[in-house]
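Q: Could you have a look at this structure, given as structure tokens, before my questions?
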Amino acid sequence: MKRTYTVAAVAALTLAVSGPALTQGTKPDAGNLKMYWIDTEGGAATLLVSPSGESLLIDTGYPDGDRDAKRIVAAAKEAGITKIDYLVISHWHNDHVGGLAALAKMIPIGRFFDHGDGVEPENQQRLDGYKAIAGDKRTIVKPGDKIPVKGFDALVVTSDRKVLANPVNGGGPNPLCANAARMEPAAPENLRTVGLLVTFNKFTYLNLIDLDWYMDMELACPVNKVGEVTLYQTSRHGGFGDAGSPASLGAIKPQVIVVNNGPRKGLGQSDDRVKPIADPKAAPYEKNSYLRMAGLPGIEGIWQGHLSLVDKDPKHNTAQDMIANFEETADCKGNEITASIAPDGKFTVTNGRNGFSKTYTARGTK
């Protein structure tokens, strides 16, 4: 059944996910997993620092005047690290691998992981540049492989148009698949995305990068391969016209969502390049990306890298305290969102713009 939302209901939800204002606390303990969603203004770069001190960076953002590489290095300095131990490049699009050349000159990178040499002509130059930098430190991954970070588990769940063979994290048959809406595949490079499931005790983090609706369904139907997760980083930067299928989102049941959008990219942006597959039996679903996330059962918080300037309606964005940036790109301050996850499953998400934070408790695997 399609949900409808009154203004009062949305206002109540916004209050529920924002919670009471808290002041920014002290730096997390050494035993915590630390996460940094670095503002690449519609690209992607997420830094994880293990309690062991080892680091995993997922993607490097755009090349734009070395902006994103500088922001990654600033986050590394904030985290107290002097090298990137493991770098995953999810796929060969400019907003995900474009910052690598500059980054490699600014900070040492230990090992490189990617989906392989499948590429379209328009992306060949980026792949060639990556291979020149990675050299013999490169590893091509497949679903089921792990990035060997000490202190947490980083499992590859998708790569090169393939998904996990067997469910993990309590996954199993997904009843939402029975009448789920389906879409045609997106452009090939998004289909090849390296997606990761990170596990730190009870805390789980799912990042499917640019995985589209079609591959979303491959991972979720008829069996949910990744189980329920604590924190979900939006696919396609929160632009759910061709991602974030209801059958997948409903199965993973995230407690908290981080939207890695840009001011005019991802959340709020419509995308009609991928066509729905006509099926009279398909259940209707919420078309607005934010309302689709906000209507998920058990959702406790939605955080955004940017206010959507494509759709600034307050009902279609999270509470302002939970939005890191409001400016157009030229004036953007590049505020980040961070999280500190304790071994007992309690985790605190903080907005770098205003110091607002909220603490949650991971539900853990059922």
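Count along the sequence shown from 1, add 19, and you get the number used in our numbering.
Quick reminder that beta carbons are idealized off the backbone N, C-alpha and C, glycines included.
Computed from a predicted model, the values in this text were never measured in an experiment.
Going by Cα to Cα distance, which pick from Thr-249, Val-92, Asp-172, Lys-331 is closest to Ala-358?
A: Ala-358 has its Cα closest to that of Thr-249, out of Thr-249, Val-92, Asp-172, Lys-331.
Q: For Ala-197, does the count of other Cβ atoms within 10 angstroms reach 16, so buried, or fall short, so exposed?
A: Looking at its Cβ environment, which holds fewer than 16 other Cβ atoms inside 10 Å, Ala-197 is exposed.
Q: Are Gly-2 and Tyr-81 closer than 8 Å when you measure CB to CB?
A: With the chain covering only 20 through 385, there is no way to say anything about residue 2.
Q: Please report how far the alpha carbon of Thr-337 lies from the alpha carbon of Ile-321, in whole angstroms.
A: Cα to Cα, the separation comes out at about 6 Å.
Q: Could you name the residues of the same chain whose beta carbon sits closer than 6 Å to that of Val-187, not counting the 5 residues immediately before and after it, in chain order?
A: Answer for Val-187: no residue qualifies.
Q: Relative to the C-alpha of Gln-288, which residue among Asp-83, Asn-307, Ala-301, Ile-360 is closest?
A: Comparing Cα-Cα distances from Gln-288 to each of Asp-83, Asn-307, Ala-301, Ile-360, the minimum goes to Asn-307.
Q: Determine the direct distance from the alpha carbon of Thr-348 to that of Asp-340, and round the result to whole angstroms.
A: Answer to the nearest angstrom: the Cα atoms are 20 Å apart.
Q: Ignore the nearest five residues each way along the sequence and tell me which others in Ser-267's own chain have a CB closer than 6 Å to its CB.
A: Closer than 6 Å at Cβ, skipping near neighbours: Asp-235, Ala-239.
Q: In chain order, which alpha helix (DSSP H) runs of at least 4 residues are fully inside the stretch 55-128?
A: For the stretch 55-128, whole alpha helix (DSSP H) runs of length 4 or above, ordered along the chain, are 86-98, 113-116, 119-125.
Q: Suppose you measure from the CA of Pro-194 to the CA of Glu-237; what does that come to, to the nearest Å?
A: In a straight line, the C-alpha of Pro-194 is about 14 Å away from that of Glu-237.
Q: Are Leu-66 and Leu-52 close, meaning C-beta to C-beta below 8 Å?
A: It is not a contact, given that the beta carbons lie outside the stated cut-off.
Q: What span of residues does the beta strand (DSSP E) with Ala-157 cover, start to end?
A: Position check: residue 157 holds Arg in this sequence, whereas Ala was assumed. Element bounds for Arg-157: 157-159.
Q: Along the chain, where does the beta strand (DSSP E) that runs through Ile-276 open and close?
A: From DSSP, the beta strand (DSSP E) with Ile-276 extends over 275-278.
Q: Can you tell me whether DSSP reads Arg-382 as helix, strand or coil?
A: Coil at Arg-382, not helix or strand.
Q: For a test of the three-state rule: what should DSSP assign to Gly-374, helix, strand or coil?
A: Gly-374: coil per DSSP, three-state reduction.
Q: Who are the near neighbours of Ala-49 in its chain, counting only those whose CB is closer than 7 Å to its CB and skipping five residues on each side?
A: Same-chain partners within the cutoff: Pro-70.
Q: Could you tell me if Ile-296 is buried or exposed, where buried requires 16 or more neighbouring beta carbons within 10 angstroms of its beta carbon?
A: Result: exposed.
Q: For Thr-369 and Phe-375, what's the separation of their Cα atoms in angstroms?
A: Approximately 6 Å between the Cα atoms of the pair.
Q: Is DSSP giving Asp-147 helix, strand or coil here?
A: It is helical.
Q: From the DSSP output, read off the bridge partner residues of Ser-359.
A: Bridge partners of Ser-359: Lys-53, Thr-367.
Q: Would the stretch 216-223 and the stretch 164-179 be scored as touching if the rule is three or more Cβ pairs under 8 Å?
A: Result yes; three or more Cβ-Cβ pairs closer than 8 Å.
Q: Let me know if Lys-156 comes out buried or exposed under the rule of 16 or more other beta-carbons within 10 Å of its beta-carbon.
A: Lys-156 should be labelled exposed.
Q: Considering Cα atoms alone, identify which of Tyr-309, Gly-84, Gly-269 is closest to Val-278.
A: Nearest of Tyr-309, Gly-84, Gly-269 to Val-278, Cα basis: Tyr-309.
Q: Contact defined as beta carbons within less than 8 Å: I believe Asn-243 pairs with Ala-270. What is the distance between those atoms, to the nearest angstrom?
A: Sure, about 4 Å apart at Cβ, within 8 Å.
Q: Spatial neighbours of Gly-317 within its chain, please: CB distance less than 7 Å, with the 5 preceding and 5 following residues excluded, ordered by chain position.
A: Answer for Gly-317: Lys-272, Gln-274, listed in chain order.
Q: Determine the DSSP secondary structure at Thr-249, reduced to helix, strand or coil.
A: In the structure shown, Thr-249 sits in coil (DSSP, three-state: anything other than H, G, I, E or B).
Q: DSSP three-state call for Arg-419: helix, strand or coil?
A: This structure gives no information on residue 419, because the portion of the chain shown stretches from 20 to 385.
Q: How many Å lie between Lys-150 and Gly-314 at the Cα?
A: Roughly 42 Å between the two C-alpha positions.
Q: In this structure, what does DSSP give as the bridge partners for Gln-323?
A: According to DSSP, Gln-323 bridges with Val-278, Ile-342.
Q: When burial is assigned at 16 or more other CB atoms within 10 Å of the CB, is Asp-147 buried or exposed?
A: Burial call: exposed.
Q: Just how far apart, CA to CA, sit His-134 and Ser-178?
A: Roughly 5 Å between the two C-alpha positions.
Q: Can you have a look at Asp-78 and say buried or exposed, based on whether 16 or more other CB atoms are within 10 angstroms of its CB?
A: So Asp-78 ends up on the buried side.
Q: What number of angstroms, rounded off, separates the C-alpha of Gly-129 from the C-alpha of Ile-276?
A: Distance between the alpha carbons of Gly-129 and Ile-276: 29 Å.
Q: DSSP state of Leu-328, grouped into three classes?
A: Here Leu-328 sits in coil by DSSP.
Q: I'd like the list of long-range same chain contacts for Gly-383, defined as Cβ closer than 7 Å, with 5 residues on each side in sequence excluded.
A: The residues are Lys-221, Gly-364.
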